[in-house]
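Numbering follows full-length UniProt numbering, with no gaps: position 407 of the sequence shown is 407. Don't be surprised by glycine CBs; every beta carbon is placed ideally from N, CA and C. Note sheet for the following structure.
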Amino acid sequence: MRLATSGCASASTRRSFNSAILAGTRSFTSTHSLLSGTFHYRKTRVASEDAVDPLAKPSSIDKAALHVVSIPIGNLKDFTLRSLDVLRGVDYIITTDRPATKTLLDLVNIPNQGRVIHYSRSNRTATREKLVELLKGGRSMAFVTTSGTPCVGDVGGELVQEMQRSGVRVTAVPGASAVMSALAASGLTTSPYESPDRTKAADDGDRLVPPSFQDGSFFFGNVLPDSHGARLLLLRSVVAPATYPCVFYEVPRRLLLVLQDIAAALPHRRVYVMHELTKLNESVHADTAERLVAFYLRQEAQLLLRKGQLVLVVAGAGPVETAAWLAKEAAKRQRLRRPLKELMQASARPSTEGKATQQNKAPPAKQKAIKTQRRKARLELRRARRKAKRANLIRAIEAEQERLRMHLAINRNDARRLD
């Protein structure tokens with residue numbers, strides 16, 4: 001641990017700060033003109049010999065604190081040494097799935113009798129009040145989920161925020177994460193400072209283009225909606241314009257339907273399907289969504305989808321696709337400008353009463369022609385509405401038929417395997 005001063009502190013100031021840390025003091029007084037005052041920091045509980053040999057002795061556990069502990073997503077060897085020490089040393093273990101957590105603790109020989117507390121949306125209010133009372137009384141607790149890192153796609157964020165509002169100290173114990181593992185296996189995340197275009201510009205002596213916020217980032221959308229229309233809306237409005245990877249959790253029974261929607265909304269985008277990451281039957285398949293649908297319809301491929309967890313990574317849009325999307329959006333706005341212009345012109349026209357007065361002053365033949373024209377316009381509008389309603393109904397029927405066909409194909413293959 002060193003003082004980050006960006007070159008403004010002298011060497012003697014840095015040596016004094018480091019000496020204070022080694023001596024075990026909790027404050028450091030600086031005499032530098034830019035760093036005047038006393039700096040307080042949290043004293044670490046990890047002994048100096050632990051940094052040399054982490055297996056020397058278990059790490060000490062902070063009391064009156066909630067430890068957010070990451071656990072393996074499939075491979076028990078992904079447990080970190082610190083997470084095992086924390087799970088053994090805390091007074092209670094909070095979990096969103098009591099049976100799964102007890103089984104996991106039994107596999108690593110961690111006592112759990114009377115230590116596991118169930119936390120869910122149904123009992124969260126009463127449970128949070130009890131947990132805050134225990135933590136403020138000096139108890140230590142660990143929070144885990146079914147697998148992976150808590151607060152990523154689960155209810156853990158509500159618990160952590162409530163603890164912080166109540167003045168309880170919260171610490172993180174990092175470890176396995178399905179999102180980060182999928183991104184690492186796909187290789188899609190890049191640093192904004194390692195872009196080939198920027199590197200070439202720097203080599204040629206040109207002005208280096210500053211990185212945008214989206215470069216080197218990713219989007220995590222948890223689980224895609226169940227509704228077909230909601231999925232398409234999210235894919236077209238959020239994923240289509242994204243120039244960065246988009247990560248989603250998925251379940252095997254919905255994979256084919258989701259891939260079909262991705263193929264309809266993003267036909268040229270590369271999709272990575274991560275199945276059972278870190279487990280014995282781990283598999284990674286990458287291609288366009290249309291080709292992945294054809295692959296997973298095969299009988300031998302459907303054996304992979306009988307159970308397990310899936311992570312989908314949709315690659316970001318390339319320059320050509322981004323330009324096409326921007327042109328499409330510009331065309332939409334251009335089409336909207338004409339009705340808006342007509343509406344503004346209509347608002348500037350004479351009022352309805354004035355029109356009625358002018359119509360009454362017109363000759364009888366012209367009044368009859370105006371009424372006939374209005375009647376035809378109303379009939380044409382009704383006909384257009386009926387046509388649009390019929391088209392929407394046909395599209396809904398076709399979508400339902402396609403969904404039933406996909407389920408029928410899956411059930412037929414399952415029946416063949418049973419025979």
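Check                                                                                                   : Outcome
Proximity test, glutamine 299 beta-carbon vs the ligand PLP heavy atom, cut-off 7 Å                     : With respect to small molecules bound, the structure shown includes none, and the ligand PLP cannot be examined in it.
Span separating the alpha-carbon of valine 173 from that of serine 70                                   : 6 Å
Touch test, the stretch 224 to 243 against the stretch 320 to 330, Cβ-Cβ under 8 Å, three pairs minimum : yes
Short Cβ contact (8 Å threshold) for proline 111 with glycine 89                                        : no
Range of the contiguous beta strand (DSSP E) that encloses valine 273                                   : 270 to 275
Aspartate 85 versus alanine 182: straight-line alpha-carbon distance, rounded                           : 27 Å
Given 8 Å, three or more beta-carbon pairs between the stretch 307 to 320 and the stretch 268 to 284    : yes
Distance, isoleucine 93 Cα to leucine 159 Cα                                                            : 13 Å
Residues sharing a beta bridge with alanine 246, DSSP                                                   : The amino acid occupying residue 246 in the given sequence is cysteine; alanine does not appear at that position. Cysteine 246 is bridged to Phe219, Val314.
CB contact flag (phenylalanine 295, alanine 289, <8 Å)                                                  : no
For leucine 66, the three-state DSSP class (helix, strand or coil)                                      : strand
CB contact flag (glycine 157, phenylalanine 143, <8 Å)                                                  : no
Cβ-Cβ distance between valine 258 and leucine 303 below 8 Å                                             : no
Cβ-Cβ separation, histidine 67 to arginine 98 (assumed contact under 8 Å), whole Å                      : Contact doesn't hold; Cβ gap of about 18 Å is too wide.
CB contact flag (leucine 305, leucine 255, <8 Å)                                                        : yes
Span separating the alpha-carbon of lysine 77 from that of valine 108                                   : 10 Å
Proximity of leucine 292 and proline 245 at Cβ, strictly below 8 Å                                      : no
7 Å CB neighbourhood of glycine 153 in its chain, flanking five on each side removed                    : Asn222, Tyr249
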